[in-house]
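Going by our numbering, the residue at position 11 of the sequence shown is 20; the numbering climbs one at a time, nothing skipped. Note that beta-carbon positions come from the ideal geometry of N, C-alpha and C, so glycine has one too. Report on one structure; see the data block that follows.
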Amino acid sequence: MSNQLSERVQKMSTSATLAMAAKARELRNEGKDIIGLSLGEPDFNIPDFVKEAAKQAIDDNYSSYTPVDGYAELKRAISKKFKRDNDLDYDVRQIVVSTGAKQSLFNVAMVVLNPKDEVILPAPYWVSYSDIVKLTEALPVEVPTSIETDFKMTPEQLEAAITPKTKMLWFSSPCNPSGSVYGKKELEALVEVLKKHPQIIVVSDEIYEHINFKGSGHVSIAGIEGMYDRTVTVNGVSKAFAMTGWRIGYIGAPEWIAKGCTKLQGQVTSGANAIAQRATIAALEASKSKIQYMIDEFHRRRDLVLGLLENIDGFNVNVPEGAFYVFPDVSAFFGKTLNGTKINNASDFALYLLERANVATVTGEAFGNPNCIRISYAASETELKEAISRIAKVV
Ligand code: PMP
Ligand code: GLU
Numbered sequence: 010m011s012n013q014l015s016e017r018v019q020k021m022s023t024s025a026t027l028a029m030a031a032k033a034r035e036l037r038n039e040g041k042d043i044i045g046l047s048l049g050e051p052d053f054n055i056p057d058f059v060k061e062a063a064k065q066a067i068d069d070n071y072s073s074y075t076p077v078d079g080y081a082e083l084k085r086a087i088s089k090k091f092k093r094d095n096d097l098d099y100d101v102r103q104i105v106v107s108t109g110a111k112q113s114l115f116n117v118a119m120v121v122l123n124p125k126d127e128v129i130l131p132a133p134y135w136v137s138y139s140d141i142v143k144l145t146e147a148l149p150v151e152v153p154t155s156i157e158t159d160f161k162m163t164p165e166q167l168e169a170a171i172t173p174k175t176k177m178l179w180f181s182s183p184c185n186p187s188g189s190v191y192g193k194k195e196l197e198a199l200v201e202v203l204k205k206h207p208q209i210i211v212v213s214d215e216i217y218e219h220i221n222f223k224g225s226g227h228v229s230i231a232g233i234e235g236m237y238d239r240t241v242t243v244n245g246v247s248k249a250f251a252m253t254g255w256r257i258g259y260i261g262a263p264e265w266i267a268k269g270c271t272k273l274q275g276q277v278t279s280g281a282n283a284i285a286q287r288a289t290i291a292a293l294e295a296s297k298s299k300i301q302y303m304i305d306e307f308h309r310r311r312d313l314v315l316g317l318l319e320n321i322d323g324f325n326v327n328v329p330e331g332a333f334y335v336f337p338d339v340s341a342f343f344g345k346t347l348n349g350t351k352i353n354n355a356s357d358f359a360l361y362l363l364e365r366a367n368v369a370t371v372t373g374e375a376f377g378n379p380n381c382i383r384i385s386y387a388a389s390e391t392e393l394k395e396a397i398s399r400i401a402k403v404v
C-alpha cells in the first residue's frame with residue numbers, strides 16, 4: 010500500500026529537537042565524533058533516593074493499571090509541592106498526572122481548544138507548542154520577541170495580538186529555548202492586559218522552575234490575583250530530577266480542565282507508568298537541597314558557555330536566567346560564505362556546525378525565531394569547552 014498517512018500527520022513537522030538528536034546519534038554510530046548539544050536533557054544520573062523508591066515500588070508489586078489521573082498519594086504529593094514551592098492551592102481533584110509534561114500539554118490543548126481558536130505563543134517558544142496547537146486545528150499566533158527585550162513578550166505586544174478568537178496564551182518560564190525568566194512585575198503587567206480579556210486561558214509551562222538562577226526565584230502566574238481560575242500550571246520531573254525517560258508530568262488546573270484531561274487520557278494511555286509514579290512521590294517530597302548540586306552545576310556551565318561564546322564574533326547572546334540553554338542570535342552570519350558553504354539562515358548555520366564542527370545544535374526556526382540557534386549546555390564542562398572551541402574554529 011502506498012503512503013496513506015492522514016493529512017493531519019502529513020502536515021505536522023517532526024520534532025526538531027528529537028530529529029537533531031537522532032541525526033547526531035546516527036552520525037556517532039557511523040564513527041563521527043559528534044558533541045550533542047541539541048537535546049534538552051540533563052546529563053546527570055537520577056538521584057539515588059529516587060532510584061530506591063522505584064526499586065521498592067517494583068518489590069511492592071506496583072504493577073497494575075493506576076488510576077487514570079495518577080495515584081492518590083502522588084497527587085497529594087503534587088498538591089503539597091504546589092503549596093510549598095509556588096504557594097498555589099490545588100486540590101487533588103485539580104491534578105492530573107500524565108506521561109511527561111509533553112502529554113500534559115497535549116491533553117490541555119485537546120480539551121480546551123476548538124478549530125480556529127487562536128493561541129498566542131510568544132516566540133521563541135518550545136518546539137512542540139505550535140504543532141500541538143495545529144493538531145487541535147486551532148491557530149498558533151506567534152508574537153516575535155528579540156534579544157533586545159531578553160526574548161520576553163511585552164504587555165503592548167500581548168494586547169496587540171489578542172482578538173475575539175483568542176482562547177489561550179501559552180508560554181514557558183524559565184523559557185525553553187531562550188532561558189528567559191519572567192519576574193513578578195513582568196507577569197503582573199501581562200495580567201493587567203489579560204484582565205480585560207477574561208475568555209483567555211493561560212498555560213504556564215513551569216518545567217524548568219527549579220533551574221532558575223535569578224535571585225528572586227520562580228513566579229507562577231496562577232498566583233497572581235485573578236489568574237488562578239484561568240491558568241493551567243504544568244510541571245514535571247524530567248528536568249529538575251533528571252528523569253526524562255521516566256515520563257512523568259502533571260498539571261494543576263481548574264477542575265473542569267482536569268476532568269477533561271482525565272477523560273481524554275482514559276481513552277489514550279490509561280494513565281502514566283506505575284513505577285515512575287511511585288518514584289515521583291519520593292522526588293517531589295524531597296527537599297530542594299537534594300537536587301541543588303545539579304542546579305549549581307547548570308549555573309556554572311551557563312557562565313562558562315557565556316564566557317566562551319563572548320569571544321566569538323557574530324554570536325550575540327542574552328544572559329539566560331534559567332533552564333539549560335543559550336540562544337545566540339547568529340544572523341550576523343547570514344549571507345556569508347564559510348569555508349565554501351553559503352549560510353542563508355539559522356538552519357543552514359546549525360547544519361554547518363554539525364557537518365564542519367561535529368557539534369549538534371538546533372535551529373531557532375523550530376522555536377519560531379529564525380535568527381538564532383539553540384545550544385543546550387546540559388553536557389560536561391569538557392564537552393562544552395571542546396564544542397565551543399570547534400565552533401570558534403569553523404566560523
Ligand atoms: N516543556 C518544555 C518547555 C520542555 O523543554 C520539555 C522538555 N521536553 C517539556 C515541556 C516536556 O517534558 P517531558 O515530556 O519530558 O516531561
Ligand atoms: N525538551 C527537550 C528539548 O527541548 C527534549 C526534547 C523534546 O522532548 O522535544 O530538547
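Cα-Cα, which of the options is closest to residue i?
i, options, result
"valine 328", "Ile321, Gly254, His308", "His308"
"glutamate 374", "Thr289, Tyr134, Ala332, Gly232", "Tyr134"
"methionine 252", "Met303, Gly224, Glu146", "Met303"
"valine 136", "Thr372, Arg399, Ala396, Ala401", "Thr372"
"tryptophan 179", "Leu122, Glu201, Glu234, Gly224", "Leu122"
"alanine 25", "Lys89, Ile400, Gly377", "Gly377"
"histidine 206", "Gly192, Lys193, Thr172", "Thr172"
"isoleucine 290", "Gln19, Arg34, Ala86, Glu16", "Ala86"
"methionine 119", "Leu144, Arg34, Val202", "Leu144"
"serine 73", "Ala281, Pro51, Glu306, Ala388", "Ala281"
"alanine 292", "Leu203, Ala63, Asn38, Pro51", "Ala63"
"glutamate 218", "Lys297, Thr391, Asp338, Tyr80", "Lys297"
"alanine 388", "Ala295, Gln301, Asp52", "Asp52"
"valine 277", "Ser11, Phe115, Ser15", "Phe115"
"glutamate 390", "Glu306, Ala81, Lys161, Asp238", "Glu306"
Can you find the residues in the same chain that come closer than 6 Å, C-beta to C-beta, to residue i, ignoring five residues on each side of it along the sequence?
i, result
"glycine 258", "Ser107, Gly109, Ala110, Ser113, Gly245"
"alanine 283", "Tyr71, Thr75"
"proline 149", "Val128, Leu130, Ser139, Val142"
"isoleucine 55", "Ala251, Met252"
"threonine 350", "Tyr361"
"tryptophan 255", "Ala285"
"glutamine 166", "Val152"
"aspartate 159", "Ser189, Asn327"
Pop quiz: residue i and residue j are said to be a contact at Cβ under 8 Å. What is the actual Cβ separation, rounded to whole angstroms?
i, j, result
"isoleucine 216", "lysine 248", "5 Å"
"alanine 132", "threonine 154", "6 Å"
"glycine 331", "isoleucine 220", "6 Å"
"serine 213", "alanine 231", "6 Å"
"glutamine 274", "leucine 83", "Actually they are not in contact, since the Cβ atoms of glutamine 274 and leucine 83 sit about 14 Å apart, beyond 8 Å."
"isoleucine 345", "phenylalanine 58", "Here residue 345 turns out to be lysine, not isoleucine, going by the sequence shown. Going by Cβ atoms, the distance from lysine 345 to phenylalanine 58 rounds to 51 Å, so no, they are not a contact pair."
"alanine 66", "alanine 288", "7 Å"
"isoleucine 210", "asparagine 325", "That belief does not hold up - the Cβ atoms of isoleucine 210 and asparagine 325 are roughly 35 Å apart, past 8 Å."
"serine 88", "aspartate 100", "7 Å"
"leucine 313", "leucine 196", "Leucine 313 to leucine 196, Cβ: 30 Å. No contact."
"methionine 236", "valine 202", "So it is not a contact: roughly 12 Å between Cβ atoms."
Quick one: what's got a C-beta closer than 8 Å to residue i's C-beta in the same chain, skipping five residues either side?
i, result
"tyrosine 334", "Gly49, Asn185, Pro186, Ser187, Gly188, Arg383, Ile384, Ser385, Tyr386"
"valine 403", "Leu347, Asn348, Tyr361, Leu362, Arg365, Ala366"
"lysine 125", "Glu146, Ala147, Leu148, Lys174"
"arginine 311", "Gly188, Phe222, Pro329, Phe333, Val335, Tyr386"
"glycine 192", "Lys223, Ser225, Val228"
"valine 117", "Val212, Val241, Val243, Ile260, Ala262, Ile266, Cys270"
"isoleucine 321", "Ile397, Ile400, Ala401, Val404"
Can you name, in chain order, every residue of its own chain whose Cβ lies under 7 Å from the Cβ of residue i, other than the five neighbours on each side?
i, result
"lysine 60", "none"
"threonine 271", "Val77, Asp78, Val105"
"arginine 102", "Glu264, Ala267"
"leucine 97", "Phe91, Ser229, Ala231, Gly232, Thr242, Gly261"
"leucine 36", "Ile43"
"proline 379", "Asn354, Ala355, Gly373"
"threonine 370", "Leu46, Ser47, Ala359, Leu362, Ile382, Arg383, Ile384"
"valine 368", "Ile44, Leu46, Leu362, Ala396, Arg399, Ile400"
Any beta carbon of chain D sitting closer than 9 Å to that of residue i?
i, result
"valine 101", "Absent here is chain D; the protein component of the structure consists of one chain."
What are the partner residues of residue i, as DSSP defines its beta bridges?
i, result
"isoleucine 382", "Thr372"
"tyrosine 334", "Ser385"
"serine 340", "Paired residues: none, contrary to the question."
"glycine 406", "Because the chain in this structure spans residues 10 to 404, residue 406 falls outside the shown range and cannot be described."
"aspartate 214", "Ser181, Val243"
"glutamate 406", "One cannot answer for residue 406 here, as it falls past the ends of the chain, which runs 10 to 404."
"proline 153", "Ala132"
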